[in-house]
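**Q**
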Amino acid sequence: MHELSIVASLFEILEEKAKEQKAKKVISVKVKVGALSGVVPEFLKTAFDVYKKDTIADEAKLKIEEVPLKVKCQKCGAEIIKDDFVFLCEKCESRELKTLAGTELLLEKIEMEV
Amino acid sequence: MKKKEILVLEELLGSNKKIASEIRKRLEEKGILTINLLSSPGAGKTTLLEKIAEKLKPDYKMAVIEGDIETERDAERIRAKGIPAWQIITGGACHLEAKMVGKLFPEIPTDLDFLFIENVGNLVCPASYDLGENIRCVLLSVPEGDDKPKKYPKAFTTSDCLIISKSDLLPVLPFNLEHAQKEALDVNPQLKIFTTSALEDSGIADLIEFFISSLKKLRQKNA
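Going line by line, the protein sequences match chains A and B.
FYI, in our numbering the residues of the first sequence are 1 to 114.
FYI, in our numbering the residues of the second sequence are 115 to 337.
1. For Val50(A), count neighbouring Cβ atoms within 10 angstroms of its own Cβ and tell me buried if that reaches 16, exposed if not.
2. Quick one: which unbroken beta strand (DSSP E) runs of 3-plus residues sit fully inside the stretch 29–114 of chain A? Chain order, please.
3. Using the beta-carbon of each residue, which ones in chain B are nearer than 7 Å to Lys17(A)?
4. So, do the stretch 192–205 of chain B and the stretch 261–274 of chain B have three or more beta carbon pairs nearer to each other than 8 Å?
5. Which residues does DSSP list as the beta-bridge partners of Leu163(B)?
6. Using a Cβ-Cβ cutoff of 9 Å, what residues of the stretch 200–213 of chain B are near chain A? List them in chain order.
7. Report the CB separation of Glu15(A) from Ala35(A) in whole angstroms; it is logged as a contact under 8 Å.
8. Could you tell me whether the Cβ of Glu12(A) comes closer than 9 Å to any Cβ of chain B?
9. At 7 Å on the CB atoms, spell out the chain B contacts of Gln74(A), in chain order.
10. Taking a cut of 9 Å between CB atoms, which residues from the stretch 94–109 of chain A lie near chain B?
11. Hey, does Lys118(A) have any beta-carbon neighbour from chain B nearer than 9 Å?
12. Quick one, which of Leu88(A), Pro68(A), Val31(A) and Lys109(A) has its alpha-carbon nearest Gly77(A)'s?
13. What are the boundary residues of the beta strand (DSSP E) that includes Gly181(B)?
14. Tell me, please, which residues DSSP counts as bridged to Ile149(B).
15. At a Cβ cut of 7 Å, what residues of the stretch 295–317 of chain B count as close to chain A, listed as they run along the chain?
16. Using alpha carbons as the reference points, say which of Ala47(A), Lys30(A), Phe85(A) and Gln74(A) lies closest to Ile120(B).
17. Starting from the beta carbon of Val238(B), find every residue of chain A whose beta carbon is closer than 8 Å, and list them in chain order.
18. Do the CB positions of Phe324(B) and Lys335(B) come within less than 9 Å of each other?
19. Is the separation between the beta-carbon of His2(A) and that of Cys251(B) shorter than 9 Å?
20. What are the partner residues of Val26(A), as DSSP defines its beta bridges?
21. With 9 Å as the C-beta to C-beta threshold (strictly closer), list the residues of the stretch 82–93 of chain A near chain B in chain order.
22. Give a yes or no on whether 9 Å exceeds the smallest Cβ distance from Lys268(B) to chain A.
23. Is Lys144(B) helix, strand or coil by DSSP?
24. Going by the beta-carbon positions, is the gap between Glu164(B) and Arg187(B) smaller than 9 Å?
25. Would Lys98(A) and Lys82(A) be called neighbours here (beta carbons separated by less than 9 Å)?
26. How big is the Cα-Cα spacing for Lys116(B) and Leu107(A)?
27. Just the C-alpha distance for Leu218(B) and Asn236(B), rounded to the nearest angstrom, thanks.
28. By Cβ distance, which residues of its chain are closer than 7 Å to Asp43(A), with the 5 residues on each side in sequence left out?
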């Protein structure tokens, strides 16, 4: 489980931004987690709650938006949500699919008290 | 008390990605092809590397970076083949990160042809970390079962090549080679698939041929 390493990277960005804004404390953090990001949202939350102790985000809440895998068929143009990770167009059976979303692991926004 | 919300939109692994891109650029400039090997523990990464070393050594220069949670054992096995090897002991971490590879940079000879990185044995976490490689290979050994690609999709979707290892066990285990290949291509239609046995020395020549042609392409791009 590498969620703790990911949370450590999150805090590097978080602390830098909080300092820039001269924040007194961080209220909430919103991240986007793609279905193919390799990260388990539940573990990310647990790791966040462990890591936040004695930091500026001590009382902060982690909000996670789970992003499904979305692909676009390069042959027929269909845009499909994939739950099974099978790279096959259900409409024309082409395997030439372009990933539009679902691999991201993004710190989207921070709410803080200044 | 005043509340403020700021939009960040930064990748959580952005700093790893940045270091990895720098590593890739510097190794490419030197004409070195870098290969990152991923798999579960015990899929045969080190044994495969020993075989590759035997075959490449007469004509090519290679080096290996070994990642493990503990012990220097894998690096010692590679050194016993006369190949330079460095051991990264992660001390508990389940994957290698680009900065760990970056730290070794000053020690890496500049006249190499191939740099292999053997990741920590784990089919989940290493898949999220770019190490600056040109080619990512995932190994799936026959004893693990033919159903792994869909169970661990990230390792397979981010790889360029799949090595089905320990093929000498195919006659004695209920592993359906066609099913494994289909599952892997379902999650990643671009995967190049090799079936190898280090014990019987089969399929490894084709894999090496692929590495050599990739090296040539990289150097043509540089020229």
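Note that CB positions come from ideal geometry on N, CA and C, so glycine has one too.
All of these numbers come straight from a predicted model, not from anything done at the bench.
**A** Let's see:
1. Sixteen is the threshold: since fewer than 16 other Cβ atoms of the shown chains lie within 10 Å of the Cβ of Val50(A), the residue is exposed.
2. Within the stretch 29–114 of chain A, the runs of beta strand (DSSP E) at least 3 residues long that lie entirely inside it are, in chain order, 61–67, 69–73, 79–82, 97–101 and 105–113.
3. The answer, in chain order, is Ile120 and Val122.
4. Counting C-beta pairs with one atom in each stretch, the stretch 192–205 of chain B and the stretch 261–274 of chain B have fewer than three that are closer than 8 Å, which means they do not touch.
5. Residue pairing by DSSP places Leu163(B) in no beta bridge whatsoever.
6. Cβ contacts with chain A come from Ala207, Cys208, His209 and Glu211.
7. Rounded to whole angstroms, the Cβ separation of Glu15(A) and Ala35(A) is 28 Å, and the two are not in contact under 8 Å.
8. Closer than 9 Å to some Cβ of chain B, the Cβ of Glu12(A) qualifies, so yes.
9. What Gln74(A) touches in chain B: nothing, since even the nearest Cβ is about 11 Å away.
10. Hits within the stretch, in order: Arg95, Glu96, Leu97, Thr99, Thr103, Glu104, Leu105, Leu106, Leu107, Glu108 and Lys109.
11. The structure shown does not extend to residue 118(A), since chain A spans only 1 to 114, so no value can be given for it.
12. Checking every option, the nearest Cα to that of Gly77(A) belongs to Leu88(A).
13. Residues Met176 to Asp182.
14. For Ile149(B), the beta-bridge partners assigned by DSSP are Phe230(B) and Ile249(B).
15. Residues Asp300, Val301, Asn302 and Pro303.
16. Nearest option by C-alpha distance: Lys30(A).
17. Going along chain A in sequence order, the residues near Val238(B) (Cβ under 8 Å) are Met1, His2 and Gly38.
18. Against a cut-off of 9 Å, the Cβ pair of Lys335(B) and Phe324(B) comes out as no contact.
19. Not closer than 9 Å, so no.
20. According to DSSP, which records beta bridges pairwise, Val26(A) is partnered with Met112(A).
21. Result list: Asp84, Phe85, Val86, Phe87 and Leu88.
22. Taking a beta-carbon distance threshold of 9 Å, Lys268(B) counts as an interface residue toward chain A.
23. Note: Lys144(B) maps to coil in three-state DSSP.
24. Going by C-beta atoms, Glu164(B) is not nearer than 9 Å to Arg187(B).
25. No; because the gap between Cβ atoms is not below 9 Å, this pair is not in contact.
26. Between Lys116(B) and Leu107(A), the C-alpha separation is close to 22 Å.
27. Cα to Cα, Leu218(B) sits roughly 22 Å from Asn236(B).
28. The sequence shown places Phe at residue 43(A), rather than the Asp named in the question. The residues are Met1 and Glu3.
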